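The structure appears right after this line, and notes come after that.
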Amino acid sequence: MRITHFVNGNAWNGKADRTGEVFNPATGEVTGHVDFASNAVVDEVVASAQKAFEEWRSTSIAKRTQILFAFREILNARKEEVAALITAEHGKVLSDALGEVTRGQEVVEFACGIAHLLKGGYTEGASTDVDVYSIRQPLGVVAIISPFNFPAMVPMWFFPIAIAAGNTVIVKPSEKDPSAINLIAQMWKDAGLPDGVFNVVHGDKIAVDRLIEHSDVKSISFVGSTPIARYIYEKGTAQGKRIQALGGAKNHMLVLPDADLDLAADAAVNAGFGSAGERCMAISVLVAVEPIADALIEKIKERMLKLNTGDGTKGSDMGPLVTRVHRDKVASFVDAGVNEGAKIVVDGRNPKVNGASNGFWLGPTLFDQVSPQMSIYKEEIFGPVLSVVRVKTYNEGVSLINAHPYGNGTAIFTNDGGAARKFQNEIQVGMIGVNVPIPVPTAYYSFGGWKASLFGDTHAHGTEGVHFFTRGKVVTSRWLDPSHGGINLGFPQNN
Ligand code: NAD
Numbered sequence: 001m002r003i004t005h006f007v008n009g010n011a012w013n014g015k016a017d018r019t020g021e022v023f024n025p026a027t028g029e030v031t032g033h034v035d036f037a038s039n040a041v042v043d044e045v046v047a048s049a050q051k052a053f054e055e056w057r058s059t060s061i062a063k064r065t066q067i068l069f070a071f072r073e074i075l076n077a078r079k080e081e082v083a084a085l086i087t088a089e090h091g092k093v094l095s096d097a098l099g100e101v102t103r104g105q106e107v108v109e110f111a112c113g114i115a116h117l118l119k120g121g122y123t124e125g126a127s128t129d130v131d132v133y134s135i136r137q138p139l140g141v142v143a144i145i146s147p148f149n150f151p152a153m154v155p156m157w158f159f160p161i162a163i164a165a166g167n168t169v170i171v172k173p174s175e176k177d178p179s180a181i182n183l184i185a186q187m188w189k190d191a192g193l194p195d196g197v198f199n200v201v202h203g204d205k206i207a208v209d210r211l212i213e214h215s216d217v218k219s220i221s222f223v224g225s226t227p228i229a230r231y232i233y234e235k236g237t238a239q240g241k242r243i244q245a246l247g248g249a250k251n252h253m254l255v256l257p258d259a260d261l262d263l264a265a266d267a268a269v270n271a272g273f274g275s276a277g278e279r280c281m282a283i284s285v286l287v288a289v290e291p292i293a294d295a296l297i298e299k300i301k302e303r304m305l306k307l308n309t310g311d312g313t314k315g316s317d318m319g320p321l322v323t324r325v326h327r328d329k330v331a332s333f334v335d336a337g338v339n340e341g342a343k344i345v346v347d348g349r350n351p352k353v354n355g356a357s358n359g360f361w362l363g364p365t366l367f368d369q370v371s372p373q374m375s376i377y378k379e380e381i382f383g384p385v386l387s388v389v390r391v392k393t394y395n396e397g398v399s400l401i402n403a404h405p406y407g408n409g410t411a412i413f414t415n416d417g418g419a420a421r422k423f424q425n426e427i428q429v430g431m432i433g434v435n436v437p438i439p440v441p442t443a444y445y446s447f448g449g450w451k452a453s454l455f456g457d458t459h460a461h462g463t464e465g466v467h468f469f470t471r472g473k474v475v476t477s478r479w480l481d482p483s484h485g486g487i488n489l490g491f492p493q494n495n
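Residues in the sequence shown are numbered from 1 upward in steps of one, following my numbering.
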């Protein structure tokens, strides 16, 4: 199957110089070829989006909102189809893929309230006969560059708000699972969105670099690994663009001795191995405050041994990894953990699998006795590998988490409200869960980490998303009355 760009309301009908293979990770088969955009194709897409901008920005808020509502209904009715495409190319199990679409849909629902979100302020009589008011206007053409692990939800963190605010959008999805966004593009068309307002350009670094360099692209919302996020931020801001670049993660879960250990064990397994650990909010380090580590590890191990790894369409708990290369990279981290002296409690390197033998399989893996010097602690693994670090005190746990370069999400498990409150205040991380392991904020709050997990100062969606996709203007106005003030070259003062 050929997967191509979506430009000006239609599938692109040119011939690509370069393409990439798309796999079904559960079978190892090549299921499609995705076109990679050249500079000329990116220019064509930007031109289509720029042309559509003039009309879209002056389309009334009422009409824009009607289209958003229509899109929400179509997405809701067809979300199983989006989920099936995600499972076929990413590998995550169907229920998880459906969950991702539903979380993305929440941002569409939030953006349906754009009329309220775009309201400015008005001050009558700020000075004598002078009124002051603020308005927010769209930026123009905005680009969204997304990672493989959430091919629907991550773009939906951004584009509903961008479109509702009057921008036109270009999504550059991951080349590993490119099909879901094309179906979403068709849904926008079916909802009545004018051609050119929502575009998809497929490709790799060449397309990304062109989007950053193009003078008509006004902002970049990037989500992916930290080295690329840093690169996008530095290159984009040097061009004077507005950039939000969300990077990698290493999320810790701190379990205090008074925690409900069954709840904590369930949470560690769900958040450690859901989506095969390929979530930026996955728990990859469990910090156990002694003396509970032995008991907690036993409970986690019991649960892990019951997990069923296999084809995401066959009712499995956990699917394959996205590509063979990624699978091998994660397996090499497991080898490194063993070599560096961590104790392997559950070894996923030769899993029993409900699926084809050529799938990109790696079973859930648990390490105990992990120390902060080990590569499995320092690096983002992005696979089904959970490391347990044992600490003696709450303070030791907090210092450990705060010293880590990443700061995306973290969780505390405790029955002590005072300890949880102290933790939320002291921890240097952007999103905190209290007895909640994957604290992805709901759409009307904003998503984003600290430190090496986010470059830029605006988080995704919520009111920060509205600010990112609009520019503020302030108008100071006086309608003439008979009392002219005459000439005055001094700096205007309110009186
Ligand atoms: P990635 O950085 O490899 O790719 C992300 C995007 O950048 C893709 O669209 C890709 O085509 C493009 N890209 C890749 N190499 C590039 C280059 N050299 N120059 C320009 N563009 C390039 O990330 P991935 O493997 O697709 O996704 C996994 C990563 O994303 C993990 O690090 C994960 O933590 C992170 N992630 C972060 C969040 C968050 O909210 N912070 C959310 C999801 C994923």
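For each residue, glycine too, the CB sits at the ideal point set by N, CA and C.
None of the values given here were measured: they were computed from a predicted structure.
| task | Please confirm whether any heavy atom of ligand 1 lies closer than 6 Å to the CB of residue 249. | result | To locate residue 249, count along the sequence shown from 1; it is residue 249. Yes, the beta carbon of residue 249 sits closer than 6 Å to at least one heavy atom of ligand 1.
| query | If you draw a straight line from the C-alpha of residue 479 to the C-alpha of residue 53, how long is it? | reply | Locating residue 479 in the sequence shown gives position 479, where the first residue counts as 1. Locating residue 53 in the sequence shown gives position 53, where the first residue counts as 1. If you take the alpha carbons of residue 479 and residue 53, they lie about 31 Å apart.
| field | Segments of 4+ residues assigned as alpha helix (DSSP H) that fall wholly inside the segment 274-333 | value | 293-305
| task | Pull up the distance between the alpha-carbon of residue 43 and that of residue 37, whole angstroms please. | result | For this step, residue 43 is matched to residue 43 along the sequence shown. For this step, residue 37 is matched to residue 37 along the sequence shown. Going by the C-alpha atoms only, they are around 10 Å apart.
| said: Using CA atoms only, rank isn't needed, just tell me which of 246, 469 and 441 is closest to residue 455. | reply: As a position in the sequence shown, residue 455 is number 455, starting the count at 1. Among 246, 469 and 441, the Cα nearest to that of residue 455 belongs to 246.
| field | residue 285 versus 412, 96, 80 and 361, residue with shortest Cα-Cα distance | value | To locate residue 285, count along the sequence shown from 1; it is residue 285. Checking every option, the nearest Cα to that of residue 285 belongs to 412.
| query | If you measure from the CB of residue 280, is any heavy atom of ligand 1 nearer than 6 Å? | reply | For the purposes of this step, residue 280 is identified with residue 280 of the sequence shown, where counting begins at 1. Residue 280: yes, Cβ under 6 Å from ligand 1.
| said: Within a Cβ cutoff of 6 Å, which residues of the same chain sit near residue 337, ignoring the five residues on either side of it in sequence? | reply: On the sequence shown, position 337 is the one that residue 337 refers to. Within the same chain, residue 337 has close Cβ partners 367 and 376.
| Beta-carbon proximity of residue 34 to residue 20, cut-off 7 Å | Residue numbering aside, residue 34 sits at position 34 when the sequence shown is read from its first letter. Residue numbering aside, residue 20 sits at position 20 when the sequence shown is read from its first letter. Contact flag set, yes.
| field | C-alpha gap between residue 492 and residue 130, whole angstroms | value | Numbered from 1 along the sequence shown, position 492 holds the residue referred to as residue 492. Numbered from 1 along the sequence shown, position 130 holds the residue referred to as residue 130. Cα-Cα distance, rounded: 12 Å.
| So is the beta-carbon of residue 147 under 6 Å away from any non-hydrogen atom of ligand 1? | In the sequence shown, residue 147 corresponds to position 147, counting from 1. It does: the Cβ of residue 147 is within 6 Å (strictly closer) of some heavy atom of ligand 1.
| message | Give me, in chain order, the residues of the same chain whose beta-carbon lies closer than 6 Å to that of residue 123; leave out the 5 immediate sequence neighbours on both sides. | response | Residue numbering aside, residue 123 sits at position 123 when the sequence shown is read from its first letter. Cβ within range, chain order: 132.
| message | So, with DSSP's three-state summary, where would you put residue 406? | response | Within the sequence shown, the letter at position 406 stands for residue 406. It is a strand residue.
| message | Given a cut-off of 7 Å on the beta-carbon distance, is the pair residue 81 and residue 153 in contact? | response | Indexing the sequence shown from 1 puts residue 81 at position 81. Indexing the sequence shown from 1 puts residue 153 at position 153. No, the Cβ-Cβ distance between residue 81 and residue 153 is not below 7 Å.
| message | Pop quiz: residue 160 and residue 181 are said to be a contact at Cβ under 8 Å. What is the actual Cβ separation, rounded to whole angstroms? | response | Here the question's residue 160 lines up with position 160 in the sequence shown. Here the question's residue 181 lines up with position 181 in the sequence shown. Not a contact, Cβ separation roughly 13 Å.
| Distance, residue 1 Cα to residue 358 Cα | As a working note, residue 358 is residue 358 in the sequence shown. As a working note, residue 1 is residue 1 in the sequence shown. Cα to Cα, the separation comes out at about 20 Å.
| said: Considering only DSSP beta bridges, list what residue 29 is partnered with. | reply: The sequence position of residue 29 within the sequence shown is 29, counting from 1. BP columns for residue 29 point to 24.
| said: If I measure Cβ to Cβ from residue 12 and keep anything under 6 Å in the same chain, skipping five residues before and after, which residues do I get? | reply: As a working note, residue 12 is residue 12 in the sequence shown. Closer than 6 Å at Cβ, skipping near neighbours: 4 and 5.
| CB-CB under 7 Å to residue 45, same chain, minus the five flanking residues each way: which ones, in chain order? | If you number the sequence shown from 1, residue 45 lands on position 45. Counting only Cβ-Cβ distances below 7 Å, and skipping sequence neighbours, we find 5, 7, 170, 199 and 201.
| request: Tell whether a beta-carbon distance below 7 Å holds between residue 406 and residue 249. | output: Here the question's residue 406 lines up with position 406 in the sequence shown. Here the question's residue 249 lines up with position 249 in the sequence shown. Contact: yes.
| In chain order, which continuous runs of the beta strand (DSSP E) of length 3 or greater are located wholly inside the segment 115-173? | 122-127, 130-138, 141-145 and 168-172
| request: Determine the contact status of residue 351 and residue 410, defining contact as a CB-CB distance below 7 Å. | output: Numbered from its first residue, the sequence shown carries residue 351 at position 351. Numbered from its first residue, the sequence shown carries residue 410 at position 410. Their beta carbons are not under 7 Å apart, which means residue 351 does not touch residue 410 by this criterion.
| message | Quick check: does the Cβ of residue 228 come within less than 6 Å of any heavy atom belonging to ligand 1? | response | Reading the sequence shown from its first residue, position 228 is the one you call residue 228. Checking the Cβ of residue 228 against ligand 1 gives yes.
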